[in-house]
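Inspection log for the structure reproduced underneath, given as structure tokens.
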């Protein structure tokens, strides 16, 4: 299974270091091994997605293992529902590939794809995890054929329900992870005068049946540099005043709680 053309939706075939469709649209493979399937007319900005600084902060934070329980929970959900070979899975909004690598290891004889709008994140992911096929592409225009994926994982990332239903095979799976009501409450308390709980999960995915919901939460003690990295990788960073950054950096321990909501959906026939 390979990509489909983001311009005309015909199959892409790899020839040497390029992917080419019957309409002669061509997409070159970068030296790091990824392919850019984000035509300029699909971009909303010159360099969409996370910056290099945000990507590096997230990589340092994730490599320290603070979100490993979330990764393990999703790997277990995949392993329970898929075989270990001859399956194709897609990680939407994969960033620098921390989760994607674990998914690839769980289905060592299958095909794992990682997609993100951020070129800098995909470049870093492709350098580090050659066992995954990475692409720069829009999550709202998935460059894959109809009914081509056994499972799609979506951690915090947006995607149109119609695209998920189009790409996932009948009987296949979508696993989503979103913030639970009390996720990172202590961090939010440093930034906002009034801390509001995250809204409860109300998402509906047309064409899918919700088979299981999992609540996952645990305390997360961080040192100052880890707390700064966490803030830098969240949307709260844009609202944080300089004194918040300084106070976090000086802390020997910053206690923060996690609260994740995992939902497991199955594609109806």
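Numbering (the working numbering), first residue to last: 1 to 269.
Where is the CB? At the ideal position from N, CA and C, for every residue including glycine.
Remember, it's a predicted structure, so these values are computed and weren't measured experimentally.
| Asked | Found |
| --- | --- |
| Closest to residue 262 by C-alpha separation, out of 148, 64, 28 and 73, would be which residue? | 73 |
| Pick helix, strand or coil for residue 255, following the three-state DSSP scheme. | strand |
| Within a Cβ cutoff of 6 Å, which residues of the same chain sit near residue 145, ignoring the five residues on either side of it in sequence? | 4 |
| Going along the chain, which unbroken runs of the beta strand (DSSP E) with 3 or more residues stay wholly within the segment 90-167? | 109-116, 133-136 and 149-155 |
| Is residue 7 closer than 9 Å to residue 39 when the C-beta atoms are compared? | yes |
| Just verifying my parser: in three-state terms, what is the DSSP assignment at residue 38? | coil |
| How many angstroms separate the CA atom of residue 33 from the CA atom of residue 17? | 9 Å |
| Measuring only the C-alpha atoms, how far is residue 162 from residue 193? | 38 Å |
| Hey, how far is the Cα of residue 148 from the Cα of residue 31? | 26 Å |
| So, under 8 Å CB-CB, residue 267 and residue 168 are touching, yes? Tell me the CB distance rounded to an integer number of Å. | 5 Å |
| Pull up the DSSP beta-bridge partners for residue 177, would you. | 155 and 262 |
| For residue 183, does the count of other Cβ atoms within 10 angstroms reach 16, so buried, or fall short, so exposed? | buried |
| Taking one C-beta from the segment 94-111 and one from the segment 135-142 each time, how about it: are there three or more such pairs within less than 8 Å? | no |
| Taking the straight line between their C-alpha atoms, what separation do you get for residue 27 and residue 125? | 19 Å |
| Quick one: Cα of residue 170 to Cα of residue 269, how far? | 5 Å |
| Does DSSP put residue 72 in a helix, in a strand, or in coil? | helix |
| Are the Cβ atoms of residue 256 and residue 230 separated by less than 9 Å? | yes |
| Would you kindly report the start and end of the unbroken alpha helix (DSSP H) that includes residue 185? | 185-189 |
| On a CA-only basis, which of 173, 142, 172 and 177 is nearest residue 160? Give me that one, please. | 142 |
| Could you check the C-alpha separation between residue 158 and residue 178 for me, to the nearest Å? | 10 Å |
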